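At position 114 of the sequence shown (counting the first as 1) the number is 121 in the numbering used here, and the numbers step up by one without a gap.
We put the CB at the ideal spot given by N, CA and C, even for glycine.
All values derive from a computational prediction rather than experimental measurement.
To start, the structure under review is shown below, and the notes come after it.
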Amino acid sequence: MTIDAIIVAAGRGERAGGGIPKQFRSLASRSVLARTLDALAGHAAIRRVVVVVNPQDTDHVEAVRGETARSFTTVPGGATRTDSVRAGLAALADDAPDAVMIHDAARPFLSSALIDRLAEALDRHAAVIPALPATDALMRVMTDGTIVEPVDRAVVRAAQTPQAFRFDTLSAAYARLGGGGLADDAAVILAAGGQVHTVEGEAENFKLTMPADFRRAEAMLMGETITVSGQGFDVHRLEPAETMWLCGVELHEGLGLVGHSDADAGLHAVTDAVLGCAGAGDIGQHFPPSDPKWKGAASDAFLLHALELLGQAGGEVIHADVTLIAERPKIGPYREAMRTRLAQLLRLDPKRVNIKATTTEKLGFTGRGEGLAAQAIVTARLS
8 MTIDAIIVAA GRGERAGGGI PKQFRSLASR SVLARTLDAL AGHAAIRRVV
58 VVVNPQDTDH VEAVRGETAR SFTTVPGGAT RTDSVRAGLA ALADDAPDAV
108 MIHDAARPFL SSALIDRLAE ALDRHAAVIP ALPATDALMR VMTDGTIVEP
158 VDRAVVRAAQ TPQAFRFDTL SAAYARLGGG GLADDAAVIL AAGGQVHTVE
208 GEAENFKLTM PADFRRAEAM LMGETITVSG QGFDVHRLEP AETMWLCGVE
258 LHEGLGLVGH SDADAGLHAV TDAVLGCAGA GDIGQHFPPS DPKWKGAASD
308 AFLLHALELL GQAGGEVIHA DVTLIAERPK IGPYREAMRT RLAQLLRLDP
358 KRVNIKATTT EKLGFTGRGE GLAAQAIVTA RLS
């Protein structure tokens, strides 16, 4: 079954405060939307992700692209959530999936296990949502706060997202809805006469709505983590060449780096530093130069693999500092491009990535222009 995802991110979220839409606010050094994207787009069951955004938020969206290596497309949203979901469904229609998950951008803590439960349930049901049982006593009240009657909490559930549907089922339900607007997609299915089933939700998958929710989220991220650092070092010989890859950027300075892969010493050093944070050995263990399949390989793949291992260990990178040591080529003209590319690969704000360059005052192999060295220190948060 092919499953695509729609992230609804066109709202203003004014109740949360912060001065910008809540999905773009920083949460422990990363935007809410970047965290949500990593959770959904990083899951093996999800084929592609469409993010529905407000056209006024172009700059915010581009900043998110700089924070995550996850692939996603955007479409403009509408005046209501219903209109925005319709826009997302239309964007998927030309290559329609078997099923679709609709998720609120402001729920960044969904787990892989929750996505697994929904995907498995789609084999049996056309519409399924995560839900939590009520734990407090519930009362039906008037608008003035007067209690009318108690509500049996045994038959009440709190609905969450992502909500999962067979694509044709949800599309048909939205077509029947006409111009109306409803609170969520399960309500659209029910209004069309369909059935919606539930799977177990997660208390951690709460929606960021009020300022207190952001305080809770920050405490959850910061209070249950430790910070670790890893270091990396790499050297490659220089030779005349048309191009050189360094920190993920192509240089045209008449020099190249010699190696089994693309010989990107900067990314190799960062990869080893990330592996150090994960306690996962070194780059040579994972990508041995004796293996012909890595000949000429782009070093981006090495770094992304290291990040995957760090994620499996419960970690995420929060800062990177790289020092390039060479008499040539000159790094200055490429520094910002390197910083931007490395930030994208590490899923960080570029402000949390630093690229430095130095020489050895004509001493040693770098001083003689025979090679280039790179050092990296990466800091990660482990949960």
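Let's test the definition: count the other Cβ atoms within 10 Å of the Cβ of residue i and tell me whether it reaches 16, buried, or not, exposed.
i	result
Glu-323	buried
Lys-29	buried
Val-163	exposed
Asp-64	buried
Arg-388	buried
Arg-114	buried
Ser-306	buried
Arg-32	buried
Ala-272	buried
Pro-336	buried
How big is the Cα-Cα spacing for residue i and residue j?
i	j	result
Ala-327	Ala-276	11 Å
Leu-282	Leu-317	7 Å
Leu-353	Thr-347	10 Å
Asp-102	Ile-14	18 Å
Leu-264	His-243	6 Å
Glu-69	Ala-41	11 Å
Pro-218	Asp-192	26 Å
Ala-138	Ile-362	46 Å
Pro-340	Asp-356	21 Å
Gly-18	Gly-286	40 Å
Gln-238	Gly-84	43 Å
Lys-358	Leu-349	11 Å
Glu-260	Ala-381	18 Å
Arg-77	Val-360	18 Å
Gly-371	Leu-310	29 Å
Arg-88	Ala-94	10 Å
List the endpoints of the continuous beta strand (DSSP E) containing residue i.
i	result
Ala-379	Per the sequence shown, the amino acid found at residue 379 is Leu instead of Ala. Segment 378 to 389, the beta strand (DSSP E) holding Leu-379.
Asp-298	No beta strand (DSSP E) contains Asp-298, which DSSP labels as neither H nor E.
Arg-6	As displayed, the chain neither begins before 8 nor continues past 390, which places residue 6 out of reach and without an answer.
State the start and end residues of the unbroken alpha helix (DSSP H) segment that holds residue i.
i	result
Thr-278	272 to 285
His-312	307 to 319
Gln-351	342 to 353
Leu-44	39 to 48
Gly-291	290 to 293
Under 9 Å, do residue i and residue j count as touching if we go by C-beta distance?
i	j	result
Gln-351	Arg-72	yes
Leu-96	Leu-177	yes
Pro-296	Gly-266	yes
Val-59	Leu-125	no
Thr-367	Ile-332	yes
Thr-168	Leu-117	yes
Ala-12	Met-108	yes
His-293	Ala-313	yes
Ile-136	Ala-166	yes
Val-203	Ala-308	no
Glu-334	Arg-375	yes
Leu-274	Trp-301	no
Phe-221	Gly-25	yes
Please confirm whether residue i has its beta-carbon closer than 9 Å to some beta-carbon of chain C.
i	result
Val-360	No chain C appears in the structure shown, which is made up of a single protein chain.
Let me check you understand the geometry: is the CB of residue i closer than 8 Å to at least one non-hydrogen atom of the ligand ZN?
i	result
Val-256	With respect to the ligand ZN, the structure shown offers nothing to examine, as it has no ligands at all.
Uninterrupted alpha helix (DSSP H) stretches inside the segment 156 to 189 (no shorter than 4 residues): 174 to 184
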